Each structure stands twice: as C-alpha cells, then as structure tokens.
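A quick write-up on the structure given underneath.
Numbering (my numbering), first residue to last: 19 to 470.
Next up, the structure:
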C-alpha cells in the first residue's frame, strides 16, 4: 500500500504542475502583488508600529486575499483535471482494475494535489513578502525598492529562461520546470533581499523579516489545503465544470459561515466589556476558591442595570461562545450574611456583591465549594448576566461547514497582536480534521462510482 500510495501521489503531483494554468495562476499572483503596491495608498495612518502599519495594512489585506483566491482557483482546477478528467476519459480504469483500493487512490491523489498546491503557495507567499518589503507607493515622490524589484524579477526571469531552455533542448514540460525552479529561487531571492537595504547596502535581516505575516500565510495555506480536499471529494462524482462551480459555492459559503450559522449557534448578549481586573485579598490568581473576590471595572457603563445578587458570567466572545465559567443556579440568599454564603449547603456560583459607581462592580466566587473557572476574567473579556443558549441545529450546520475565517489571521497581524502558539495548534488540528472528513466523504462517493 505505501508503494501504491507514493506512486499515485507522485503521478498526481506531476500531472498538476504540468498544467499551463498552474504556472499562469502563480505568475498572476505575483503580478497582482506588484500592482498592489501602487493602488493601496489610502492613508490609513502611521501612528501604530508593528510588522505591518499604515497603508501597508491594506496592502497585506489585498495581498493575502489575492493569494487565497489564486489558491482556491488552483485547488479547483488541479483536482478536477487530475480526478474528474481521468474518470470522464476512463483512464482511471487502468488503476482501479488493478489490485489498488479506491481509498488508496483518493488519498494518493489528494497527497499529490496537495503537494502541488504547497509548491505553488511558496512563490506566491514570497511575492507577498517582496511587496511588503517594497511598501505602498503612497505618493509620487516615493522611491522604488530596486533590490526587491531586481531580485524578485530576476527569480522569475531565471526560472522562465531555464524552463524555456529545457523545453527547447530536452523536451521537458515548460510549466513543470518553471514552477519547480521558481519556488526555491523566489525564497533565495527573498533571503538575499533581507540582507540588502533599499540603498543597496548590507543590513541585518531582522528589520524587514516579518514572522507573524509568515504565520498568517502558513495558516492560509492550511485553508487552501482544506479546499483542496473539498475539490478532491466533489470531483469523484461531478464533471470538471460542475466541480469548479460547487467548490466556489462551498468557498463562498465557508466565508459566510459565521454570518449564516455561527451567530445563531451561540446566543447571549454582553452587558459590558471588562477594562480592569483587581484581586481583593486573594492568595492566588486562579479565582477558583470559595470566597475569592475581584473588583472589575468596565470600559463603559453596563447596557442594563446591574444589582447585587446578579449572576456574573464572562468569556472572550461577544456571543457567549467558549465561556470561561459553566452554568450555575441563580443566587438565593442574603448577601449580608457572608458566613452562610460559604457554608457547605450553599450552591456554587459567581455573583455581583457590590456596585461602586456606574462602571465598577465587585464579584465573588461563592458557595460551599467554588464554582469551577477555566481562567479568571481579563481585560478585553465580555461580561454577561446569563448563561449562553446553544442552538443545536445552527451549531451542527456551523460545525459541518468548513469555516475559512478560522484560518484568517490578518486581523491579528494588522492589530499587532502576536498569535499564540496554542492557537496555531488548534488551527492545525481543525484543518487536519476537515481534510480527513472531506477525504472520507470522497472515498464514500467514489466507492459506488462506475468508472467502466
């Protein structure tokens, strides 16, 4: 089986990169990045510092969107040509007629297509990094970054020239040679540009290197691989044109998944946003012991009138998803009798015990045993009076539909927020699970497909 899987993957990889549209889309992505430096000067301000600031924020937004769209096009076209066309032309019959399981065929085809997509994403991301190094041409007096233009253009010309030479003298596939050479040459060119300033002097690579942008691009690559799995599954049953139509429909739906399903999956209304958290007489910072007390200041006065005895829930999302505290019973008792609030018979819960002004409240973890808390509230969290209601149908549809917003880390980069490592792990797990689910669907669809 491993030998069969490798052989099928290698064949699909070669077929994918030999298609003329493959090279054209990669070069189109580079051309779009080139023109983006001219038409995104919208004066978004330069007061913030970070990897990307000012007008370059819009450049990054448009640049990543261009990569995303080009990746989707490649995934749809390559998958349909490698699978749908083979089924329509009956050439897949030569494989399945041999002792090759259809599961191995689908997985092998996906691995080959995914390898081709990753190979294409490398130069496309490199072109984006060149554009960010160059920066937006906000005014006519801005100088061109000649090292970025020279080395990026040199990588493209060298790859195309070598591909033309090999095609003319050796009969090798022009798109295949060009893409295979363009990937490493574009990376090498970018590494050289990091060492050369705009004035053609040597410099340290640190100032122009943008690791958070690369992390966002890596997450975007995972999103494209998920859509590649979608295209692979759909192409087992539909023709080439219909596969492309369905893939773009799923792509658009995945971008709107939060609007159509996500906002109905979790229903809650925050009363305020937390601005400051102060611990009152606590020996630890966990807020998970009976009697633990916090003094919380809101950014603005609460939207509804709060009173002592109100339940206090909190979490990172304004719709109440992923709440840091589970549901508990409403408060019953007398706040003036503090000893009874911590007795063994008192039910656990987190409640407001005191108000100071219109933006400051005191909350306590009460009960004979403390109410479990995943983590204490922090500035930026949302405060609620009620537990979150879950819509099971909307949640099921939201979970079943691939959500491309999970892979879109642009906001974190433009807002100078460092992406935590655990979040990257969650993205990777979500992407792998989505890929596995769609490949399993593709195997099921292909098992009953007549290819004779």
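We put the CB at the ideal spot given by N, CA and C, even for glycine. Small disclaimer: the values here were computed from a predicted structure and weren't measured.
(request) Please name the residue or residues paired with residue 379 in a DSSP beta bridge. (result) 314 and 373
(message) Are the CB atoms of residue 131 and residue 247 within a distance shorter than 7 Å?
(response) no
(message) So, with DSSP's three-state summary, where would you put residue 161?
(response) Residue 161: coil per DSSP, three-state reduction.
(message) Please list the terminal residues of the continuous beta strand (DSSP E) segment that includes residue 293.
(response) 290-298
(request) Please determine, among 55, 322 and 370, the residue with the shortest C-alpha to C-alpha distance to residue 157. (result) 55
(message) Need the endpoints of the alpha helix (DSSP H) that residue 94 sits in, please.
(response) 74-97 is the extent of the alpha helix (DSSP H) around residue 94.
(message) Could you pull the DSSP bridge partners for residue 400 from this structure?
(response) Paired residue(s): 291 and 333.
(request) To the nearest angstrom, report how far apart residue 119 and residue 25 are at their CA atoms. (result) 13 Å
(request) Can you grab the Cα-Cα spacing for the pair residue 383 / residue 370, in whole Å? (result) 9 Å
(message) In the DSSP output, what is residue 220 paired with across the bridge?
(response) Paired residue(s): 214.
(message) If you reduce the DSSP assignment to three classes, tell me which class residue 110 lands in.
(response) Residue 110: coil per DSSP, three-state reduction.
(request) Please report how far the alpha carbon of residue 32 lies from the alpha carbon of residue 138, in whole angstroms. (result) 13 Å
(message) For a test of the three-state rule: what should DSSP assign to residue 256, helix, strand or coil?
(response) coil
(request) Decide if residue 434 is buried, meaning its Cβ has at least 16 other Cβ atoms within 10 Å, or exposed. (result) exposed
(message) Below 8 Å on the Cβ atoms is my contact criterion, and I expect residue 307 with residue 388 to pass it. Report the Cβ-Cβ distance as a whole number of Å.
(response) 5 Å
(message) Taking 7 Å as the threshold (C-beta atoms), are residue 51 and residue 81 in contact?
(response) yes
(message) By alpha-carbon positions, which one of 145, 142 and 101 ends up nearest to residue 126?
(response) Residue 126 has its Cα closest to that of 101, out of 145, 142 and 101.
(request) Let me know the secondary structure DSSP gives residue 391 once reduced to three states. (result) strand
(message) Quick check: residue 258 and residue 35, are their CB atoms within less than 7 Å of each other?
(response) It is not a contact, given that the beta carbons lie outside the stated cut-off.
(message) Need the endpoints of the alpha helix (DSSP H) that residue 416 sits in, please.
(response) 410-418
(message) Here's a check: name, in chain order, each residue in its chain whose Cβ is nearer than 6 Å to the Cβ of residue 296, leaving out the five neighbours to either side.
(response) 313
(message) Spatial neighbours of residue 395 within its chain, please: C-beta separation below 6 Å, excluding the five flanking residues on both sides.
(response) 292, 295 and 332
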